[in-house]
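Structure first, commentary second.
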Amino acid sequence: MGRSRRGARGDEEHVAGATTAGGEDGGSRLGLDAIDLAVVNAPSLCVVSGPLERLEALKQRLAAERDVECVVIPVCTAAHSRYLDPVLEEFSRGVHRMRLSPPRIPYVTNPTGTWVRPEEATDPRHWVRHFRQPVRFAEGLAEILREPDRVLLEV
Numbered sequence: 018m019g020r021s022r023r024g025a026r027g028d029e030e031h032v033a034g035a036t037t038a039g040g041e042d043g044g045s046r047l048g049l050d051a052i053d054l055a056v057v058n059a060p061s062l063c064v065v066s067g068p069l070e071r072l073e074a075l076k077q078r079l080a081a082e083r084d085v086e087c088v089v090i091p092v093c094t095a096a097h098s099r100y101l102d103p104v105l106e107e108f109s110r111g112v113h114r115m116r117l118s119p120p121r122i123p124y125v126t127n128p129t130g131t132w133v134r135p136e137e138a139t140d141p142r143h144w145v146r147h148f149r150q151p152v153r154f155a156e157g158l159a160e161i162l163r164e165p166d167r168v169l170l171e172v
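Under the numbering used here, residues 18 to 172 are what the sequence shown spells out, in order.
See the structure below:
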């Protein structure tokens, strides 16, 4: 789990955390509704975000009930979570002012884990979803690797 110094509003302390919660709905199955799924790195390796006390409770429950280890990772914001909701409208206005073009090089987009379509790449709402919704890294990687002999390069 990672700790942020301030939420998007700057008024609460929030954290984002890496956990092997056994799937995407691990937090909600445990009754911790204030925690958001931020990243799915693998089927059982996720990053969650929420208030520090809720994440500490999740960490303790996962250790006690499932023998799952959670690791605290310092972060500066609770990305891909409800804690960004107060700034989404302002972010959307900023993206609407930008000139968006269809991609010249295909890429997998985080909100869906699939190849971005030209109409998505040029839709400001897609970029708001990209900012707010969980990163589907595992799905995106699986999509890329469907074609054999791919070489992966992170930039």
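Note that the Cβ used here is the ideal one computed from N, Cα and C, for glycine as well. Remember, predicted model here, so these are calculated numbers, not experimental data.
CB-CB length for residue i against residue j, believed under 8 Å
| i | j | result |
| --- | --- | --- |
| LEU101 | PHE148 | 6 Å |
| ILE52 | LEU75 | 6 Å |
| GLU171 | THR131 | Contact flag wrong, Cβ pair sits at about 18 Å. |
Where residue i falls, given that 16 or more other Cβ within 10 Å makes a residue buried
| i | result |
| --- | --- |
| PRO151 | buried |
| VAL145 | buried |
| SER98 | buried |
| CYS87 | buried |
| ARG163 | exposed |
| PRO128 | buried |
| GLY44 | Low confidence applies to GLY44: its pLDDT is 49, below 50, so where it sits in the model is not reliable, and the reading given next is rough at best. Under this definition GLY44 is a buried residue. |
| VAL168 | exposed |
| GLU107 | exposed |
| LEU54 | buried |
| CYS93 | exposed |
| GLU136 | exposed |
| ARG153 | buried |
Continuous alpha helix (DSSP H) stretch holding residue i: start and end
| i | result |
| --- | --- |
| SER109 | 102 to 113 |
| PRO141 | 141 to 149 |
| GLU73 | 69 to 83 |
Residue(s) in a DSSP beta bridge with residue i
| i | result |
| --- | --- |
| LEU169 | DSSP lists no partner for LEU169. |
| GLY157 | Note: GLY157 sits in no beta bridge, so no partner. |
| ALA59 | LEU62 |
| PRO123 | Looking at the DSSP assignment, PRO123 forms no beta bridge with any residue, so it has no partner. |
| THR131 | THR126 |
| LEU117 | The partner list for LEU117 (beta bridge, DSSP) is empty, contrary to what the question assumes. |
| ASP15 | In this structure the chain extends from 18 to 172, so residue 15 is not present and cannot be described. |
### Message
Using 8 Å as the cut-off, can you tell me whether the segment 104 to 122 makes contact with the segment 130 to 142, which would need three or more C-beta pairs spanning the two stretches below that distance?
### Response
With a cut-off of 8 Å, the segment 130 to 142 and the segment 104 to 122 count as touching, because enough Cβ pairs lie within range.
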